[in-house]
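There are 2 protein chains.
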Amino acid sequence: MKYEGIYVAPTLVVDSIIFQLQAGALTVLLIKRNQEPFLGTWALPGGYCAAGETTHQAMQRVLLDKTGVNTDDLELTEQLYTFDTVARDPRGHAVSVSYMGLGKDLEPGSGPDLQSPAFFPVDDLPDLAYDHADIIAYAHSRLKAKLTYTNAVFALLPKTFTLSTLQAAYEAVLGRPLDKRNFRKKYLSLGLIEATAEMFKEGAHRPARLYKFCQPDLQTLERSFD
Amino acid sequence: MKYEGIYVAPTLVVDSIIFQLQAGALTVLLIKRNQEPFLGTWALPGGYCAAGETTHQAMQRVLLDKTGVNTDDLELTEQLYTFDTVARDPRGHAVSVSYMGLGKDLEPGSGPDLQSPAFFPVDDLPDLAYDHADIIAYAHSRLKAKLTYTNAVFALLPKTFTLSTLQAAYEAVLGRPLDKRNFRKKYLSLGLIEATAEMFKEGAHRPARLYKFCQPDLQTLERSFD
DNA sequence: ACAAAAGTGTTAAGAATACACCCATGT
DNA sequence: ACATGGGTGTATTCTTAACACTTTTGT
């Protein structure tokens, strides 16, 4: 072993990629940086992880501090990847552990200490600091995969939902239209959702049956979706 | 932001999970710890990541130092997961970035500085330090998944191989027998491998055709395997 | 009555599974 | 000639993909 004297660890940071659906589009939470480097540029919310703090705890703290979003309001959190970045920081080399979070009806806070948090459609992002555009693209591809082999959509939807809403969620994430009849047939055959007694009435058209997930936690599908 | 004074990063370590096939079994590289904690207990090769060093570089250095295995001899390396561990180390909290490596004909070195590196069948592991048994189980499950949706087997096989060898590799990783005719039909239909002109003669039976991968790098399958 | 979204079935093609015998070689 | 592993085909079931009209409601 080499480090018999003083051991100096690399800077450790955490970044969050928080997705939700808004107006039928998949959106991601960004902040406007209020310090150099990349002052004034949009970026993923991130910050330092301190000794004695797990990366997950650091993620929760940083997310709350910078965006006002509480991780208790997320339905699903998952570690994404750990990036080695050379010029992430004026200190030089840093290691960034990134987490993906999914939720619904998330409200970025507003206040002087927050960094203008806002959700942007993933198909219409502003210029981003660092390699954050790549990280978002990677998270998006992971999310697509996750929707095909798990029931992770539940984290993007309300407790009860119509089949059209469910299909729209898949279409928003996957970025392409799906056949209505095939979608319903297949999804119902998976046995993950069940009809409730309620209907959803809205507008001048036939009411829709409301469904719910049988189990509100992450399940792996045996037949992968699409 | 909280850390305006001195910032102290958590201890950052890297661990390697190196797999290869030996005598038809999937094996993983372990060392016998020569220090506390867990002195004398088998463990995954791991060590500190220092400032100025990427986690990947640290993994390469640590692996070579502790086992004599050179990462240049690995056919495939992939970051696995980053574990927050509380009691990993006498220093207290640590963050461990783990990498999975695949290779063939890997020879652990021997020498006074090395920590008795040896390959053990994943189905017959000794008692392990820390949560390394869990980490290996996780890596194994990721490897199984990887074999079903990519051509990652190439990293476990020689340049040319028979279909029986290929099937045996799948069976060793997945831990269950596969049907010979269906396996061949499906694998050949994927178009990832092609027959060479050579045959492999061995023993008192019909020689086997040797195949090779068309492209010797990682490909994602469109139809997932099995 | 009409506009708007909900709901519903069939057919055809492709993929997965189950299954048993002959072939080429060395001894 | 026999033992050993290499090599091959078919029938059945299940899954996927393509495709259009009727129903219920509010205005």
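Protein sequences appear in the order of chains A and B.
For the first sequence, this note's numbering begins at 10 and goes up steadily by one.
For the second sequence, this note's numbering begins at 10 and goes up steadily by one.
A virtual CB, placed ideally from N, CA and C, is assigned to each residue, including glycine.
The structure displayed is predicted, hence computed values, not measured ones.
Check                                                                                                                      : Outcome
Beta-bridge pairing of B/A236 - partner residues as DSSP gives them                                                        : An answer regarding residue 236 of chain B cannot be provided, because it is not within the stretch 10 to 235 covered by chain B.
Closer than 8 Å to chain B by CB, A/P19                                                                                    : yes
Within 8 Å, strictly: CB atoms of A/G110 and A/T159                                                                        : no
Under the three-state DSSP convention, the category B/T50 falls into                                                       : coil
Any C-beta of chain A under 8 Å from that of B/Y139                                                                        : no
Beta-carbon neighbours of B/H149, restricted to chain A and to distances below 7 Å                                         : The premise fails here: B/H149 is roughly 16 Å from chain A at the closest Cβ pair, so nothing lies under 7 Å.
Residues from the region 96-126 of chain B in contact with chain A, defined by Cβ distance under 8 Å                       : G101, H102, V104, V106
Short Cβ contact (8 Å threshold) for B/Q124 with B/K41                                                                     : yes
Collapsed DSSP secondary structure at B/H65 in the structure displayed                                                     : helix
Touching by the beta-carbon criterion (3+ pairs, under 8 Å), the region 30-49 of chain A and the region 135-142 of chain A : yes
Cβ-Cβ separation, B/L85 to B/A164 (assumed contact under 8 Å), whole Å                                                     : 4 Å
Cα-Cα separation between B/V106 and B/A217, rounded to whole angstroms                                                     : 42 Å
Closer than 8 Å to chain B by CB, A/D93                                                                                    : yes
Closest residue to B/Y16 among A/T20, A/E180, A/Y16 (Cα-Cα distance)                                                       : A/T20
Beta-carbon proximity of A/A60 to A/A67, cut-off 8 Å                                                                       : no
Amino acids of chain A, ordered along the chain, whose beta-carbon sits closer than 9 Å to that of B/Q88                   : Y90, T91
A/A103, buried or exposed, once every other Cβ within 10 Å from all chains shown has been counted against 16               : buried
Residues of its chain near B/E207, where Cβ-Cβ distance is below 6 Å and the 5 sequence neighbours each way are ignored    : L219
From B/A213, B/A181, B/E211, B/F234, residue whose alpha carbon lies closest to that of B/K155                             : B/F234
Other residues of its chain near B/R193: CB distance less than 6 Å, five sequence neighbours each side excluded            : L172
For A/V106, the residue or residues it bridges with in DSSP                                                                : A/V23, A/T91
Residue-level contact to chain A via CB, B/A146, 8 Å cutoff                                                                : no
Listed by chain order, chain A residues near B/A52 by CB distance under 8 Å                                                : Correct list: empty, because the minimum Cβ distance to chain A is about 14 Å.
For B/M10, three-class secondary structure by DSSP                                                                         : Reliability of the predicted coordinates at B/M10 is poor, the pLDDT of 43 falling under 50, and the value obtained from them is presented with this limitation in mind. The answer is coil: DSSP assigns B/M10 none of H, G, I, E or B.
Rounded straight-line distance, which links the Cα of B/F209 to that of A/G56                                              : 57 Å
Within 8 Å, strictly: CB atoms of A/K189 and A/I202                                                                        : no
Residue span of the beta strand (DSSP E) that contains A/A217, given as start and end                                      : 217-222
Assigned secondary structure, A/Q176 (DSSP; H/G/I helix, E/B strand, else coil)                                            : helix
Contact set for B/G118: own chain, Cβ-Cβ below 6 Å, skip 5 residues either direction                                       : G77
For A/F128, the nearest candidate out of A/A52, A/R151, A/P46, A/E231 (CA to CA)                                           : A/A52
Nearest-angstrom beta carbon gap, B/G101 and B/D82 [assumed within contact, 8 Å]                                           : In fact, because the Cβ distance is near 35 Å, the residues do not count as touching under 8 Å.
Contact under 8 Å by Cβ, B/A148 with B/L30                                                                                 : no
Limits of the beta strand (DSSP E) - the one that A/A204 falls within                                                      : 202-209
Partner residues on chain B for A/G77, Cβ-Cβ distance less than 9 Å                                                        : Under the 9 Å cutoff, chain B gives no residues; its nearest Cβ is about 15 Å from A/G77.
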